[in-house]
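**Q**
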Amino acid sequence: MLHESEERKEKRKEKKAQVNNSTFLGLTQEASVDSKNTGREEFLTAFLQNYQLGYSSAYPSLLISSLSESPASVVILSHADNTSQQVTVRPRESVMVNISAKAEMIGSKTFQHAVVVHSDHAISVQALNSKPNTAELTLLRPTPALGTEYFVLTPPGTSARNVKEFAVVAGAAGASVSVKLKGSVTFIGKFYPAGSVLSVTLQPYSVAQLQSTVDLSGSKVTANSPVAVLSGHSCAQKHTTCNHVVEQLLPTSAWGTHYVVPTLASQSRYDLAYVVASQATKLTYNHGGTAGSRGLQEGDVVEFEVRPSWPLYLSADVGIQVVLFGTGAIRNEVTYDPFLVLIPSVAAYCPAYVVKSVPGIEGVALVVAQTKAASELTIDGQAMGANLTWAAVPGSEFSYAEVELGTADMVHVAQATTNFGMLTFGLTKAVGYATAADCSQRVSDLGFPPPLKWTAASKLLKLPRQDGLQDPQDASPLSCAVPSGALLRRREVCSRAALQGGGREGQGDPHYTTFDGRRYDMMGTCSYTMAELCSEDDTLPAFSVEAKNEHRGSRRVSYVGLVTVRAYSHSVSLTRGEVGFVLIDSQRSRLPVSLSEGRLRVYQSGPRAVVELVFGLVVTYDWDCQLALSLPTHFQDQVCGLCGNYNGDPADDFLTPDGDQVPDPVEFASSWKLDDGDYLCEDGCQNNCPACTPGQAQHYEGDRLCGMLTKLDGPFAVCHDTLDPRPFLEQCVYDLCVVGGDRPSLCRGLSAYAQACLELGISVGDWRSPANCPLTCPANSRYELCGPACPASCNGAAAPSNCSGRPCVEGCVCLPGFVASGGACVPASSCGCTFQGLLLAPGQEVWADELCQRRCTCTTNQQVTCRDTKGCPAGERCSVQNGLLGCYPDRFGTCQGSGDPHYVSFDGRRFDFMGTCTYLLVGSCGQNAALPAFRVLVENEHRGSQTVSYTRAVRVEARGVKVAVRREYAGQVLVSDAGAQGWVSGQETPSEDLEL
């Protein structure tokens with residue numbers, strides 16, 4: 001009796017706690033859900049960041065549909081504002097429930113923003129995250145389907161202002177969560193590099209949202225209690241404008257082994273299917289009739305281009321996750337935007353589905369059925385199977401077909417005698433969404449419903465623009481040329497000044513001049529957005545120009561070391577020192593190249609690379625430090641970045657991505673900083689910026705140095721009336737102060753003015769001889785002060801069409817009988833091959849796909865031959881490192897020597913050795929002839945005591961080059977190449993510790 005009494009007390013306490021909690025949340029007793037009700041449903045979600053901060057208020061909502069023959073009493077709790085709503089969803093009905101805009105999560109941190117749905121009968125719940133021209137729908141999974149292990153998938157985007165993101169949502173029990181990151185993340189102000197583990201403790205109904213500009217796909221999420229995980233992108237982009245995309249993921253315990261990935265017929269290019277592995281997996285695929293297999297490891301992500309004629313069939317020996325990223329396309333003359341959808345496994349197919357159409361939105365479904373049973377499909381009671389156009393999926397027993405659902409406001413019922421799969425899509429201008437249809441095992445009990453009155457959905461998906469807001473229209477490619485009418489708008493680092501004159505607001509390296517002529521200095525060494533489209537005008541094409549700065553010699557100044565231009569779904573990167581070469585979509589190519597049917601060209605003009613786009617953007621970079629952008633006037637007030645907003649007013653150029661004006665160049669530049677994984681980059685010299693003494697300034701202003709620019713009878717005098725040389729003089733003097741009179745810096749300063757004059761049609765004459773700045777030319781070429789802007793090359797088709805009318809350029813010109821190729825002059829017979837827009841040298845190899853499964857070689861007879869590689873070798877994975885696509889090792893062994901000295905071998909054996917000779921620390925031993933030969937030698941010495949020794953020098957030998965680091969020359973590296981030796985500047989090296 002005593003025991004029973006205590007038990008009743010505990011039950012009363014538990015009941016009282018439930019009542020108190022319901023009262024706090026604004027619930028009545030009647031609204032609570034009886035946990036003993038066998039039809040009880042519970043869902044857990046959150047709303048990720050949609051587009052950019054300050055764009056518009058969010059319109060989050062839930063679409064709740066009945067899957068029962070009885071009315072469902074549904075309670076929705078929003079923890080973002082501690083409110084609740086109660087609705088009744090009757091059979092054959094769908095109800096839209098609006099959620100407060102406060103539920104949207106902005107930033108990479110934790111939130112108390114979970115949304116919880118309780119129902120006493122079976123329902124389907126879809127979460128809609130909508131803003132003007134950017135909306136996404138995702139199917140929610142009931143809490144019994146949640147798990148403790150997930151793998152993230154974040155699709156691509158072209159603008160660095162939009163972020164890859166995912167969220168982990170804790171339920172009533174809270175959760176301890178760890179994330180093994182595949183990409184770098186800054187979370188709650190702390191930086192976590194790729195490969196690290198981020199741990200966070202979530203309180204009940206709290207959410208962790210993680211964001212990054214780099215790909216997070218393959219990141220592993222584990223928790224000590226079931227959580228919901230949503231993954232996507234704030235505004236993903238590939239072939240059209242960007243759109244917010246998100247999907248609630250399934251835990252690894254619910255992954256299947258067989259999948260069919262169909263595509264919409266409207267996709268004229270391709271969508272992207274991603275396969276994610278959670279463990280060692282053998283993946284077998286049939287891609288449009290091409291069969292293959294590959295091995296995967298935990299966290300590996302494989303990408304397939306899926307076209308209408310290339311359906312994808314996948315099978316694996318263990319569970320895999322498959323996600324389709326719809327890249328956007330044109331359907332019925334309307335351009336719809338990207339979407340993300342989790343592909344259901346074949347084992348999850350059902351015999352019946354209930355699908356709710358959104359009024360005013362073009363509804364489409366893709367159904368996948370066994371080929372032998374395809375004719376049995378019925379939709380809304382009508383036999384449809386025989387009337388559809390079915391396409392067989394090679395290598396499988398399945399076929400798929402596309403079903404028009406129209407724009408009417410109604411519920412559709414799809415049934416068959418066997419299980420089948422169904423994906424639904426909503427396609428309209430500037431929006432796209434997709435989701436798997438929700439199973440209904442008892443759909444026969446529902447009957448066929450009349451059209452439902454649904455007034456909210458279409459307004460949410462296509463809201464009118466609001467004054468002062470920008471639409472997320474990141475691209476709308478033009479098919480015809482526009483005038484390039486361009487004045488030079490910005491000069492980076494050594495180019496010093498724009499074509500217009502004007503005041504100067506400081507000195508430094510690099511020096512910036514915005515489109516509107518505002519000058520400022522910023523010494524940061526990170527990656528920055530120089531310019532990108534930030535416009536409501538959907539007739540303007542998307543583009544972005546990014547620059548990565550670096551230190552050289554002095555840590556108090558920086559120079560441009562990498563320039564990347566993104567447009568027309570291509571990435572073009574130019575790297576310092578790689579004259580004549582370019583990275584196109586992570587593949588190395590010689591210049592010139594032509595992409596996107598001539599809409600994007602990259603070529604060499606004099607000493608500079610030129611990236612030229614048909615809509616008028618021109619980017620030039622000299623593979624050293626001079627960077628310039630130009631844009632036609634119809635981009636005025638349509639762009640943003642370090643180049644300013646191009647609205648004619650230099651006073652408001654310091655505009656951050658959040659729309660705030662800031663007074664400080666460092667704060668302005670920091671707001672446009674990109675996350676490129678370089679966590680050691682700096683925002684600038686801060687309060688330790690270099691300065692010239694009066695004596696230095698007077699010396700460097702002399703007529704034989706920077707003063708040559710302003711000398712009245714000097715070589716530059718012919719240009720003075722057109723372009724003021726004073727800003728160039730000031731920047732030249734300052735740079736010489738910083739680098740201690742380094743002559744290459746002087747030559748760069750003089751060249752900046754000479755080039756600016758040439759672009760105005762004025763040749764300044766021979767200035768290199770009096771300045772002692774000779775220009776070294778490659779073999780089979782000669783220096784010309786005024787040479788052709790578009791010289792003959794190995795790829796004549798890549799040359800611009802209006803070369804004859806361009807001003808001449810200073811540089812090296814190939815001798816008769818030779819043509820330009822990759823910074824060299826070669827006979828036409830040695831030109832090599834063009835392949836997928838790339839210019840290849842004889843013998844050069846490139847990948848024909850992004851999965852490292854097909855390798856192509858340019859032969860000596862100018863033909864390209866390709867071979868299947870069946871993926872990367874064991875122990876390696878296909879990825880991009882240092883900008884290059886290739887097969888890279890999964891892991892590395894480490895050998896270490898430290899102290900006096902203590903050694904740790906690659907296999908972990910520790911030992912001490914006191915010898916003072918030169919020893920082979922590690923080297924190739926010739927067992928595998930396919931591996932490159934190398935040696936690492938270590939030289940030890942006594943210091944003070946004759947009983948111990950320390951490392952004195954390390955020498956690395958590989959590919960005919962020897963590099964030595966010696967204790968007595970800290971900060972310098974000795975390089976030997978074919979017998980020639982010389983000192984070059986380098987970072988200071990530890991004198992005693994080394995690691996391989």
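Per the UniProt record's numbering, the very first residue in the sequence shown carries number 1; after that it's consecutive.
Every residue, glycine too, gets a C-beta built ideally from N, C-alpha and C.
Predicted, not measured: the structure shown is a model, and the values here were computed from it.
1) Have a look at V200 and N224 and give me their C-alpha separation to the nearest angstrom.
2) Taking T513 and D653 to be in contact with their CB atoms under 8 Å, please state how far apart those CB atoms are, rounded to whole angstroms.
3) Going by beta-carbon coordinates alone, are Y274 and V323 separated by less than 7 Å?
4) Opposite W623 in the DSSP bridges: which residues?
5) Quick one: Cα of S217 to Cα of E303, how far?
6) Under the rule that 16 or more other beta-carbon atoms within 10 Å means buried, what is Y150, buried or exposed?
7) Give a single yes or no on whether C852 has its beta carbon closer than 6 Å to a heavy atom of the ligand FMN.
8) I'd like the list of long-range same chain contacts for D664, defined as Cβ closer than 6 Å, with 5 residues on each side in sequence excluded.
9) Residues in the same chain with beta-carbon distance under 8 Å from C895, minus the five sequence neighbours each way, listed in chain order, please.
10) Out of S100, V89, P204, V880, which has the shortest C-alpha to C-alpha gap to S586?
11) Using only CA atoms, which one of H239, R891, K220 lies nearest to S231?
12) Please confirm whether S61 and D81 have their CB atoms less than 7 Å apart.
13) Could you check the C-alpha separation between V864 and G598 for me, to the nearest Å?
14) Please go through the same chain and pick out, in chain order, the residues whose beta-carbon is closer than 6 Å to the beta-carbon of G183, but skip the five residues on each side of it.
15) Going by DSSP, name the residue or residues bridged to F818.
16) With DSSP run on the structure shown, which of helix, strand or coil describes H699?
17) In terms of residues, what are the limits of the beta strand (DSSP E) holding Y969?
18) For D766, does the count of other Cβ atoms within 10 angstroms reach 16, so buried, or fall short, so exposed?
19) Any idea what DSSP makes of L469, helix, strand or coil?
20) What's the gap between the Cα of F668 and the Cα of R743?
21) Which parts of the region 338-387 are runs of the beta strand (DSSP E), unbroken and 3 residues or longer, counting only runs that do not cross its ends?
22) Over what stretch of residues does the beta strand (DSSP E) that includes D678 continue unbroken?
23) For A135 versus V431, is the C-beta spacing smaller than 7 Å?
24) Verify whether the separation of the beta carbon atoms of A114 and V169 is less than 7 Å.
25) To which residues does DSSP link N940 through a beta bridge?
26) Which residues bound the alpha helix (DSSP H) around L746?
27) Any idea if S769 is buried or exposed, counting beta-carbon neighbours within 10 angstroms, 16 or more meaning buried?
28) Go to R726, then tell me how far its alpha helix (DSSP H) extends in each direction, as first and last residue.
29) Rounding to the nearest angstrom, what Cα-Cα distance links L377 and T417 in this structure?
30) In terms of residues, what are the limits of the beta strand (DSSP E) holding S879?
31) Can you find a C-beta in chain B that's less than 7 Å from the C-beta of T335?
32) By the 10 Å Cβ neighbour count, where 16 or more other Cβ atoms means buried, how is D660 classified, buried or exposed?
33) Of the residues E759, N772, H287, which one's Cα is nearest the Cα of P788?
34) Would you identify the three-state DSSP class for T252, choosing helix, strand or coil?
35) Just how far apart, CA to CA, sit G707 and D735?
**A** Reading off the structure:
1) For V200 and N224, the distance between alpha carbons rounds to 11 Å.
2) That belief does not hold up - the Cβ atoms of T513 and D653 are roughly 10 Å apart, past 8 Å.
3) Cβ distance < 7 Å, so Y274 and V323 count as in contact.
4) In the DSSP assignment, W623 is bridged to no other residue.
5) Distance from the CA of S217 to the CA of E303, rounded to the nearest whole angstrom, comes to 11 Å.
6) With a 10 Å radius around the Cβ and a threshold of 16 neighbouring Cβ atoms, Y150 comes out buried.
7) In the structure shown, the ligand FMN is absent, as is every other ligand, since no ligand is present at all.
8) Cβ within range, chain order: n/a, list empty.
9) If we look at C895 and ignore the five residues flanking it on each side, its Cβ neighbours are Y903, V904, S905, F906, L921, V922, E995, L996.
10) Comparing Cα positions, the closest option is V880.
11) Measuring from the Cα of S231, the nearest candidate turns out to be K220.
12) Cβ atoms of S61 and D81: not closer than 7 Å.
13) V864 and G598 have their alpha carbons spaced roughly 21 Å apart.
14) Excluding residues up to 5 positions away in sequence, A194, S212, V214, D215, L216 lie with their Cβ nearer than 6 Å to the Cβ of G183 in the same chain.
15) P827, per the DSSP bridge assignment.
16) Here H699 sits in helix by DSSP.
17) For Y969, there is no enclosing beta strand (DSSP E), as DSSP gives it neither H nor E.
18) Per the 10 Å Cβ criterion, exposed.
19) In this prediction, L469 has a pLDDT of 34, which is less than 50 and means its spatial position is unreliable; what the coordinates show is noted afterwards. Of the three classes helix, strand and coil, the one that applies to L469 here is coil, per DSSP.
20) Cα to Cα, the separation comes out at about 32 Å.
21) List check, beta strand (DSSP E) in window: 339-342, 350-356, 362-370.
22) Here D678 belongs to no beta strand (DSSP E), and DSSP marks it neither H nor E.
23) Contact flag set, yes.
24) Yes. Within cutoff.
25) Beta-bridge pairing links N940 to T951.
26) Counting along the chain, the alpha helix (DSSP H) containing L746 begins and ends at 743-759.
27) Classification of S769: exposed, given that the 10 Å Cβ count is below 16.
28) Residues 726-739.
29) When the Cα atoms are used, L377 and T417 turn out to be separated by approximately 8 Å.
30) Note, S879: beta strand (DSSP E), 876-881.
31) In the structure shown, chain B does not exist; there is a single protein chain.
32) So D660 ends up on the exposed side.
33) The shortest Cα separation from P788 among E759, N772, H287 belongs to E759.
34) In the displayed model, T252 falls within a helix according to three-state DSSP.
35) Answer to the nearest angstrom: the Cα atoms are 13 Å apart.
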